[in-house]
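**Q**
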Amino acid sequence: MAQIHPTAIVDPKAQLAESVVIGPYCTVGPNVKVGEGTVLESHVILKGHTTIGKNNKIYPFAAIGIEPQDKKYRGEPTRLVIGDDNVIREHCTLSTGTVQDHGETKVGNRNLLMANVHIAHDCQIGDDTILANNVGLAGHVVIEDKAIVGGQVGIHQFIRIGYGAMLSGGTMMRQDILPFAYYQGNPGKPSGINMEGMKRLGYSKEAIHAAREVYKIIFREGNTIKEATEEIKELIETLEEPQAKQVATQMCEFLGNATRGLAR
Numbered sequence: 004m005a006q007i008h009p010t011a012i013v014d015p016k017a018q019l020a021e022s023v024v025i026g027p028y029c030t031v032g033p034n035v036k037v038g039e040g041t042v043l044e045s046h047v048i049l050k051g052h053t054t055i056g057k058n059n060k061i062y063p064f065a066a067i068g069i070e071p072q073d074k075k076y077r078g079e080p081t082r083l084v085i086g087d088d089n090v091i092r093e094h095c096t097l098s099t100g101t102v103q104d105h106g107e108t109k110v111g112n113r114n115l116l117m118a119n120v121h122i123a124h125d126c127q128i129g130d131d132t133i134l135a136n137n138v139g140l141a142g143h144v145v146i147e148d149k150a151i152v153g154g155q156v157g158i159h160q161f162i163r164i165g166y167g168a169m170l171s172g173g174t175m176m177r178q179d180i181l182p183f184a185y186y187q188g189n190p191g192k193p194s195g196i197n198m199e200g201m202k203r204l205g206y207s208k209e210a211i212h213a214a215r216e217v218y219k220i221i222f223r224e225g226n227t228i229k230e231a232t233e234e235i236k237e238l239i240e241t242l243e244e245p246q247a248k249q250v251a252t253q254m255c256e257f258l259g260n261a262t263r264g265l266a267r
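Here the working numbering is used: the first residue of the sequence shown is 4, the next is one more, and so on.
#1: For the beta strand (DSSP E) that contains A251, what are its first and last residues?
#2: Could you work out which residue in E237, A118 and L265 is closest to T270 when comparing CA atoms only?
#3: G200 by DSSP, collapsed to three states: which one?
#4: Taking 8 Å as the threshold, find out whether the region 8-25 comes into contact with the region 34-49 through three or more Cβ pairs.
#5: Please name the residue in P80, A141, P245 and T241 whose C-alpha comes closest to that of D73.
#6: When you compare only the Cα positions, how much space is there between A66 and I228?
#7: Would you decide whether N260 is buried or exposed? Buried here means 16 or more other CB atoms lie within 10 Å of its CB.
#8: Give the DSSP bridge partners of V13, in chain order.
#9: Would you say the beta carbon of K202 is closer than 6 Å to some non-hydrogen atom of the ligand NAP?
#10: Put V84 into one of helix, strand or coil per three-state DSSP.
#11: Grab me the residues of G2's own chain with a C-beta within less than 8 Å of its C-beta, minus the 5 sequence neighbours each way, in chain order.
#12: Reducing DSSP to helix, strand and coil, say where Y3 ends up.
#13: Among K208, A210, G200 and I164, which one has its Cα closest to the Cα of G191?
#14: For a quick check, are the C-beta atoms of I162 and V144 less than 7 Å apart?
#15: Mind listing, in chain order, the continuous alpha helix (DSSP H) runs of no fewer than 4 residues lying wholly within the region 127-207?
#16: Start and end of the beta strand (DSSP E) containing K109?
#17: Determine the DSSP secondary structure at L238, reduced to helix, strand or coil.
#18: Between E224, F257 and N136, which has its C-alpha nearest V156's C-alpha?
#19: Just mark N114 as buried or exposed, buried being the case when its beta carbon has 16 or more other beta carbons within 10 Å.
#20: In terms of alpha-carbon separation, which member of D131, G154, I158 and S22 lies closest to D148?
#21: Which residues in the same chain as A210 place their Cβ atom closer than 6 Å to its Cβ, once the five residues preceding and following it in sequence are excluded?
Shown next, in the form of C-alpha cells:
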C-alpha cells in the first residue's frame, strides 16, 4: 500500500503503486496514476488526467497536471504523461495538453527540471534534458534528448530544440535551435558547437569535427538554407567514421525540418 501522510488529500479513485510516497499536505486528484517508487515530498498538487512513471521525485509546491493557460481550453480531458526517474524541483508547473494540438503534454525519462520551470500545454520533452531555474516554455515546444536549457530562458511557442543543444542563461529564443549547437543572447544567436557537451556524451573527435564543419557551412559562409543543405550532403558523402556521419546527417535533417526557421 502507498505511504500517504495523514495531512495529504488523495482521491480514492487515484491509482497509486504500492511503493509511492505521498508527503504532507499533498493533493492527488481522481484521474491521476503514479508508478512505483515515485515520491511527493510535500505540498505537491497532482490533478487532471495525469500519468507519472516510476522513481520520480517531486519537490514541494510543484503543480502537476494543471489546466492549460490557454483561453481556448474548455475543460476537455487532455493529458499529461511523465516518464521515469525524473527530478521535478520546487514550484514547477506542468500543464496538460489541448484538443487543438496533441491533446497531451509529455515529459520523458531522467530529466532534471530545476525550480520554477513552467512546461506549457502540448510541449514534448525528451530524455536526459536539463531545464535550469526559471525556464519558461510556451505551448507546443519540442525539446529533443540531452538538450540543456540555462536559467532565465524564455522559449517561444512551436520551437524545436535539437538534440544535445545548449542555451545559455538569459537567452530568448523565437526560432528552432540546431542540434549540438550553443546559443546565447536576446534574441538568441549561435555561438559555436556545444563541444564540451558532445565530449561528455562520448562523441568521437571525428564526430565533433563534423559538427563544427556543418556549423561553419550553415552560419559562416553566407549560404541560404537550401545551399547549406546541399553542401552538408556533399560533406556527409566524404565522412567515413560512423559517428561523424551520423552527427552530420542528424544536423542536416533537422535543418530541412525547421518549421519556424533556424535561429541564425
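Just so it is clear, CB atoms sit at the ideal spot from N, CA and C, and this is done for glycine as well.
**A** Reading it off the structure:
#1: Segment P245 to G259 is the alpha helix (DSSP H) holding A251; no beta strand (DSSP E) there.
#2: Outside the displayed span of the chain (4 to 267) sits residue 270, for which this structure offers no information.
#3: helix
#4: yes
#5: A141
#6: 41 Å
#7: exposed
#8: V31
#9: In the structure on display, the ligand NAP does not appear, and there are no ligands present to speak of.
#10: strand
#11: This structure cannot settle anything about residue 2, because the visible part of the chain is limited to 4 through 267.
#12: Absent from the structure is residue 3, since the part of the chain shown begins at 4 and ends at 267.
#13: I164
#14: yes
#15: 198-203
#16: E107 to V110
#17: helix
#18: N136
#19: buried
#20: D131
#21: Q246, A247 and V250
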